[in-house]
Amino acid sequence: IHVEAWITADGLVQIREHRTYVFDGSFTWASYRLPKRGYREIRDLRILEGEQAFVNRNTEEAGTFRVLEDDSDVELQWYYEAEDTTRTFTVEYTLVGALVTGDEWTEFFWTWAAKGREKSTEVLEVELRLPGEKNGKIAESELEVGGDTAEVGANSVEAGGDPSQSIYAWSRLAYPIADIDINGLTV
């Protein structure tokens with residue numbers, strides 16, 4: 015799993031997650047669950063394979079996806095045809111209301127890989143970009159990470175080791191940003 019995330023100058027969080035699947039046998043669909051917590055709204059949902067976008071048609075036709083919701087989760091299901099191959103799908107979305115602001119800091123807390131996932135992963139890479147970054151670097155003192163195993167890099171969190179389903183990684187970023195405008199409040 016490779017994740018690219020951006021906190022925009024208007025306080026949105028854009029997430030692009032590349033998920034590589036190794037298919038052993040014939041498969042026709044995949045799903046992605048996003049808990050309904052840590053943000054106020056999710057929008058701009060997209061599923062892609064390379065440059066090819068899946069269409070949100072609420073069907074099970076190859077090349078389409080649908081969005082299902084219950085009280086606790088938003089679930090994306092997308093449909094394709096794959097047999098004994100490796101393919102990478104990209105899940106994109108924008109979070110509204112995911113930043114918490116204080117007098118001096120803006121905080122973003124996010125779970126990048128949750129416990130209890132149905133599929134295992136051997137690698138998790140997260141790149142988090144901010145407006146106003148100095149030389150593209152986040153100071154390690156501003157970023158707190160945790161999980162089963164985690165290492166902090168210049169702008170990434172990599173969690174790896176045991177490729178079991180229990181791999182779990184999260185980050186909390188408290189950052190003194192002077193150029194984010196959240197609901198008319200510049201922080």
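For the sequence shown, counting from 1, position 28 maps to 42 in the numbering used here; every step adds exactly one.
Glycine included, C-beta positions come from ideal geometry on N, C-alpha and C.
A direct Cα-to-Cα measurement between R54 and F41 gives close to 34 Å.
DSSP places A96 within a strand segment (E or B) once states are collapsed to three. A direct Cα-Cα distance of roughly 21 Å separates D38 from L138. In terms of Cβ geometry, F103 and R33 form a close pair [threshold 8 Å]. For P49, the enclosing beta strand (DSSP E) starts and ends at S40 to P49. Looking at the DSSP output, V69 shares a beta bridge with T78.
For A112, the closest of T120, G77 and V105 by C-alpha to C-alpha distance is T120. In this structure, the CA atom of V110 is about 15 Å from the CA atom of L144. Around A96, the same chain offers F37 and F41 as residues with beta carbons nearer than 7 Å, after the five sequence neighbours per side are excluded. A straight line joining the alpha-carbon of R47 with that of L82 spans about 9 Å.
Of the candidates L90, T115 and D85, the residue whose Cα lies closest to the Cα of L59 is L90.
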